[in-house]
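Colleague: Right, I'll just put the structure down here and ask away after.
There are 2 protein chains.
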Amino acid sequence: MNIVHQPQTTPSNYPPENLSPDQLHSILTQIKDYQTNHGSLLKVIGSETPHSVHLQPVSTSVFPTVFSRRLFNEAVDDLQLIYNELYCKLAEDVEWLYAVTGPLRRTEPLVDALWHVYEEIQRRRQDYGSQYIEQKIHAGVFRSDYMLHVRSDTTIDSDDEEDENWTQNLCLKQVEFNSYSCAGGCHADKVAGMHRFLARRGLYDFASSSEDPEEQSINIRILPSSLPQNNTINGIASVLASAHKTYGSKPFSSKASHIAVLMVVQPNNFNIADERPIEYALWNWIDGEPIPTYRIEWQQILHHTQLTPTGELLFFPPENGDSTITQPVEISVIYHRAGYEPHEYSEDINGKEIRTRLEVSRAIKCPSILGHITTIKSVQQALTGPGALERWLTKEKAGRIRGTFVEICSLGDFMSSAKNPIKDEELAENYILKPASLEGGGNNIYGADIPAFLKTMSPEGSEKSAYILMERIRSPLNVYGMLMSSSRGVTADEVVSEFGVFGGCLWERKESSSEQDKCQVIMNRVIGWSFKTKEVTVDEMSVVKGYGCFDTPYLVD
Amino acid sequence: MNIVHQPQTTPSNYPPENLSPDQLHSILTQIKDYQTNHGSLLKVIGSETPHSVHLQPVSTSVFPTVFSRRLFNEAVDDLQLIYNELYCKLAEDVEWLYAVTGPLRRTEPLVDALWHVYEEIQRRRQDYGSQYIEQKIHAGVFRSDYMLHVRSDTTIDSDDEEDENWTQNLCLKQVEFNSYSCAGGCHADKVAGMHRFLARRGLYDFASSSEDPEEQSINIRILPSSLPQNNTINGIASVLASAHKTYGSKPFSSKASHIAVLMVVQPNNFNIADERPIEYALWNWIDGEPIPTYRIEWQQILHHTQLTPTGELLFFPPENGDSTITQPVEISVIYHRAGYEPHEYSEDINGKEIRTRLEVSRAIKCPSILGHITTIKSVQQALTGPGALERWLTKEKAGRIRGTFVEICSLGDFMSSAKNPIKDEELAENYILKPASLEGGGNNIYGADIPAFLKTMSPEGSEKSAYILMERIRSPLNVYGMLMSSSRGVTADEVVSEFGVFGGCLWERKESSSEQDKCQVIMNRVIGWSFKTKEVTVDEMSVVKGYGCFDTPYLVD
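Protein chains in written order, with the numbering used here: chain A, 1 to 557; chain B, 1001 to 1557.
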């Protein structure tokens, strides 16, 4: 008897434990070779010379990890468009943003730098003559990250492995919202393509013999239809393409030869495979003409750009040589993949001037400086306040996304509380301490480490305002996976995944008497997703450190 | 004044010498990043572990190297179809092949192994009952390699840099013809895609200031139209797809689940990026259904295959685990990328049995054992004999390809000659000594090294029959290039290129009274090309050693 086990629930024998060495070797080899041939790679840090570089595969799951189909669809079909709308509107609500993040300027250099740039832009715009043209249209490539959460009215029963409906008790909880320089989209696209290929290739078809004559051959088979398609590379490119088209069809400046997208990047990025595919997609843009796309390192911007009196940003590509001879390019869209670290705004590289020049220009910014400020953690915290969302959203929409919030507090809120996780290690287990100004998991303090960490701080509390406390998400138990990374090898263990949905927007600043009504959304799309998995015993989702692995959700009902 | 220099002749200032460090850095970075993202890579030997591997870019030219458009077209549009026809016919002319290569069996283990396999197949076929079905259709993926040659009636004038018509005095001369396990097609495809992208990207547009006010800005621009497209990956896949379709639409054996192509490879190949893309192309085959394609290492074949009494080759993919449970696959086409080295036929791995099992099966072989034997160097030599080609080709076709031959002799021919390059170092300069049984440049002895090498041999001459002497091709002077490789860095020097044309064929063995008339060509196509460039001061074209670099011809009239 030959049964194809196409699970409606979490498969208890997945990934299979009885792989032969031949099978495992074959799967691992196919993964490494696929990654080699499709650029699912990282540069080995320190290996690059003018003529060569060493590369290694990015961390990836060996098997796609189970995830709820219902919640995947909810995030993609429903939540993301509301989140996109919210963050477009936040990005034009300067009054509210300043109220929430302004207090951090005193302790947080990055927050201070961003507001400094904002203020400088307002001054410059007034200095310009009447000929200066302000760009009122902005673009965004956002990513909202979720984890599966066991509803608090559900008992977690670790012995209940045969639970037929494990996804029913689950909901999505937001880890964070990123509105600036969202990474991982290209890797997620390639790894999903890989898992879908390997499934089509039959590598996830498993046979196992059984004592029971009725089940002499039980097969597990992951059908490619259980693995969602991922076109995030083209998705991100499509936002930039739309912005490019919105800018105009030809240069406004008579000096420029053509218009182009400019991708601003950090120097010597070892994660080039998460950036270049977007350039290639635009140069190969099939939905119309190819879209010229250039790339400049953050600290080289002042040397290679000029502003015209009317605000156009002229760019002199380094590869074109002598800028006294060659014609510049007029930049239509600035796509930020740098400028999110405090040192990038330091005096020695004139960092605030770099950002100011880009920001004051007529180019469409992806995103604007205010769009950037929305990514600060204290914004996420403020949105959890009672009635906060209704400032921009209908009650119905507000309700939908409020369901994805966990409790987020400032440390001050807890100081006066009886239940104080700051001092109580047992209570602290339910929390994560995150910097209020930064995104990303690398700077977090987890659970029981919180009280000891806080003791290192001065008692007056100015440092403490730089942190928020976030309730820990209760991930479902008994989800197993097999992960491989260059630094940590192959591991088979209980795992937890993070699901990110990419959104793409264009919006325009309108004149209005009320602050919360100055944004008109022009375009609002879901453009892709990413899915990362780590062992439950590890706190960080860092891919660079080999903890987090790019993955594909294996959707089950 | 702005002149676009689209050269009709060899551009004397190409590649440009006055690149700024910024320009060169940008071009080299774009090349490395493109190669990273498109799998134009080699595994670093010794770096692979179960969970990781290090990769580095394959050697490549920084700038496309000039080549004659007329001769490119001649090789692709004209010569290759004749060469394809010739080698299909050779591969069924066992009498002639044995006369030419049989004498090498005594000294050459590889030649002896191939004929041993051929003879064993004849015996086995007779042992089978009447139910056995012989596969009479064979496939070939060939590659004919050429270099530019200055006609001998032309004076080479090294000072004549301004020669307006340098391509007029050039013709193509064949370096070798490969009919077995032709490599380089995937790399050539990717590197051509890269150079075309970089041209489109504007990286080969150069401006230089001039003292002359009339030419204040002279631009060089390589238009993508000067760089031919290369679709060799799909080209090779298309031959296998045609063979697969020719085999049948479903398994002949009731035991098998489906039919599939089997790619036979060497173990632990660091050059995986030249093999895997063909598998991916077949699994993603868009011209019809996906074509299942498996891969097996040479020494694992006996363990993972079975022959049915009627001759079908059943394959048990290692990734499917326990072969007592899973259904085998029936192999439609065997694509050889292994079995070309003497040690692969050794007793300890039962190598002759490996090849015999594949060969006796009903699968279509790409190519057959006789097709393999045609790649022996002494065949190339024999074809240069007076009237030799007319055994299979019309006088007109024979004349066309005879024009690409250089003088090839056995050492014996020279022993009695007054002009004996074997002893005379000056004469030896005009020759290359090549093993009569092997293909590939790694085993050659060049020019002045020949006399000393021959002195190491025994006087009776049995070893000497293992070598042929080939006239050296007189490459045009003053072709410059810039090359980059992981092992040798970036070099700018005078260069020489080798142009290979890929052909794809299907043919059928017919009953006929005459040996030379037993082949009916079913399909004859040109499926791609490769182009490799090295410094003139280096003899070998080895890409692995970093001498030869994948390149794209920059076609000039």
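The beta carbon of each residue, even a glycine, is placed where N, CA and C say it ideally should be. Since this is a predicted model, take the numbers as computed values, not measurements.
Decide if the stretch 464-473 of chain A is in contact with the stretch 48-56 of chain A; the criterion is three or more beta carbon pairs, one per stretch, under 8 Å apart.
Modeller: No, because fewer than three Cβ pairs between the stretch 464-473 of chain A and the stretch 48-56 of chain A fall closer than 8 Å, the two stretches do not touch.
Colleague: Enumerate in chain order the residues of its own chain whose CB-to-CB distance from A:G548 is below 6 Å, with the five nearest sequence positions on each side excluded.
Modeller: Contacts found: K532, K534, M541 and S542.
Colleague: At a Cβ threshold of 8 Å, is B:M1541 touching chain A?
Modeller: Not one chain A Cβ lies under 8 Å of B:M1541.
Colleague: By the 10 Å Cβ neighbour count, where 16 or more other Cβ atoms means buried, how is A:G563 classified, buried or exposed?
Modeller: It is not possible to answer for residue 563 of chain A, since the shown part of chain A is limited to 1 through 557.
Colleague: Identify the continuous alpha helix (DSSP H) that holds A:M194 and give its terminal residues.
Modeller: Its alpha helix (DSSP H) spans residues G185 to R200.
Colleague: Are the CB atoms of B:S1226 and B:Y1554 nearer to each other than 8 Å?
Modeller: Their beta carbons are under 8 Å apart, which means B:S1226 touches B:Y1554 by this criterion.
Colleague: Taking a Cβ distance cut-off of 8 Å, strictly less, list which residues of the stretch 266-281 of chain A are near chain B, in chain order.
Modeller: Of all residues in the stretch 266-281 of chain A, I272, A273, R276, P277 and Y280 have a Cβ within less than 8 Å of some Cβ in chain B.
Colleague: With a CB to CB cut of under 8 Å and the five nearest residues on each side skipped, what residues in its chain are close to B:S1158?
Modeller: Reliability fails at B:S1158, whose pLDDT of 48 lies under 50, so the model's placement of it is uncertain and no value is given.
Colleague: Determine the DSSP secondary structure at A:T293, reduced to helix, strand or coil.
Modeller: In the structure shown, A:T293 sits in a strand (DSSP, three-state: E or B).
Colleague: Give the single residue among A:R357, A:D517, A:D557 and A:A466 whose Cα lies nearest to the Cα of A:H116.
Modeller: Taking only the C-alpha atoms, the option nearest A:H116 is A:R357.
Colleague: Apply the 10 Å Cβ neighbour rule to A:I334 and answer buried if 16 or more other Cβ atoms are within range, or exposed otherwise.
Modeller: Per the 10 Å Cβ criterion, buried.
Colleague: Step through the CB atoms of chain B and report whether any lies within less than 8 Å of the CB of A:K32.
Modeller: With 8 Å as the cut-off, A:K32 counts as an interface residue toward chain B.
Colleague: Measure from the C-beta of A:Q56 to each C-beta in chain B and report whether the shortest distance is under 8 Å.
Modeller: Yes, because at least one Cβ of chain B sits closer than 8 Å to the Cβ of A:Q56.
Colleague: For A:N178, count neighbouring Cβ atoms within 10 angstroms of its own Cβ and tell me buried if that reaches 16, exposed if not.
Modeller: Per the 10 Å Cβ criterion, buried.
Colleague: Return the residue from the list B:S1514, B:C1505, B:K1510 and B:S1513 that minimises the CA-CA distance to B:I1522.
Modeller: The candidate whose alpha carbon is nearest that of B:I1522 is B:C1505.
Colleague: How far does the alpha helix (DSSP H) with B:S1026 in it reach, from first residue to last?
Modeller: From DSSP, the alpha helix (DSSP H) with B:S1026 extends over P1021 to H1038.
Colleague: How long is the line joining the alpha carbons of A:A237 and B:Q1300, rounded to whole angstroms?
Modeller: Approximately 45 Å, taken between the alpha carbons.
Colleague: The beta strand (DSSP E) that contains A:N269, what's its start and end?
Modeller: Where A:N269 is concerned, there is no enclosing beta strand (DSSP E), given that its DSSP letter is neither H nor E.
Colleague: Look at the Cβ atom of A:L170, then the Cβ atom of A:S68, and state whether they are nearer than 8 Å.
Modeller: Yes, they are a contact pair.
Colleague: Is A:E312 near A:R276, with beta carbons less than 8 Å apart?
Modeller: No, they are not a contact pair.
Colleague: Just to confirm, is the Cβ distance from B:C1366 to B:V1141 under 8 Å?
Modeller: Yes, they are a contact pair.
Colleague: Do you know how far the Cα of B:L1079 is from the Cα of B:A1241?
Modeller: Approximately 24 Å between the Cα atoms of the pair.
Colleague: Within 8 Å (strictly less), CB to CB, does A:Y14 reach chain B?
Modeller: Taking Cβ atoms only, chain B never reaches closer than 8 Å to A:Y14, which makes this a no.
Colleague: Can you have a look at A:I272 and say buried or exposed, based on whether 16 or more other CB atoms are within 10 angstroms of its CB?
Modeller: The residue in question, A:I272, is buried, as its Cβ has 16 or more Cβ neighbours within 10 Å.
Colleague: For a test of the three-state rule: what should DSSP assign to A:Q135, helix, strand or coil?
Modeller: Here A:Q135 sits in coil by DSSP.
Colleague: Does the Cβ of A:K561 have 16 or more other Cβ atoms within 10 Å, making it buried, or fewer, making it exposed?
Modeller: Because chain A is modelled from 1 through 557, residue 561 of chain A falls outside the range shown and cannot be assessed.
Colleague: Return the CA-CA distance between B:V1076 and B:D1493, expressed in angstroms with no decimal places.
Modeller: The straight-line gap from Cα to Cα measures roughly 28 Å.
Colleague: List the residues of chain A that B:I1027 touches, going by C-beta distances under 7 Å, in chain order.
Modeller: The answer, in chain order, is E319.
Colleague: According to DSSP, is B:L1244 helix, strand or coil?
Modeller: Going by the sequence as given, residue 1244 of chain B is His instead of Leu. Three-state DSSP puts B:H1244 in a helix.
Colleague: Comparing C-alpha positions only, which one of B:V1538, B:L1019 and B:N1037 sits nearest to A:E279?
Modeller: Selected option, being the one with the closest Cα: B:N1037.
Colleague: Let me check one thing: in DSSP terms, what residues is B:H1343 bridge-paired to?
Modeller: BP columns for B:H1343 are empty, so no partner.
Colleague: Could you pull the DSSP bridge partners for A:T563 from this structure?
Modeller: An answer regarding residue 563 of chain A cannot be provided, because it is not within the stretch 1 to 557 covered by chain A.
Colleague: Taking Cβ positions only, does A:D189 come closer than 8 Å to chain B?
Modeller: Not an interface residue.
Colleague: What did DSSP end up calling B:Q1216 once you bin it into helix, strand or coil?
Modeller: Unreliable positioning characterises B:Q1216 in this predicted model, as indicated by a pLDDT of 47, which lies under 50. The coordinate reading is nonetheless provided below. B:Q1216 falls in the coil class under three-state DSSP.
Colleague: Is A:L110 buried or exposed, if buried means 16 or more other CB atoms sit within 10 Å of its CB?
Modeller: A:L110 should be labelled buried.
Colleague: Do A:T404 and A:K89 have their C-beta atoms within less than 8 Å of each other?
Modeller: Taking 8 Å as the Cβ cut-off, A:T404 and A:K89 do not qualify as a contacting pair.
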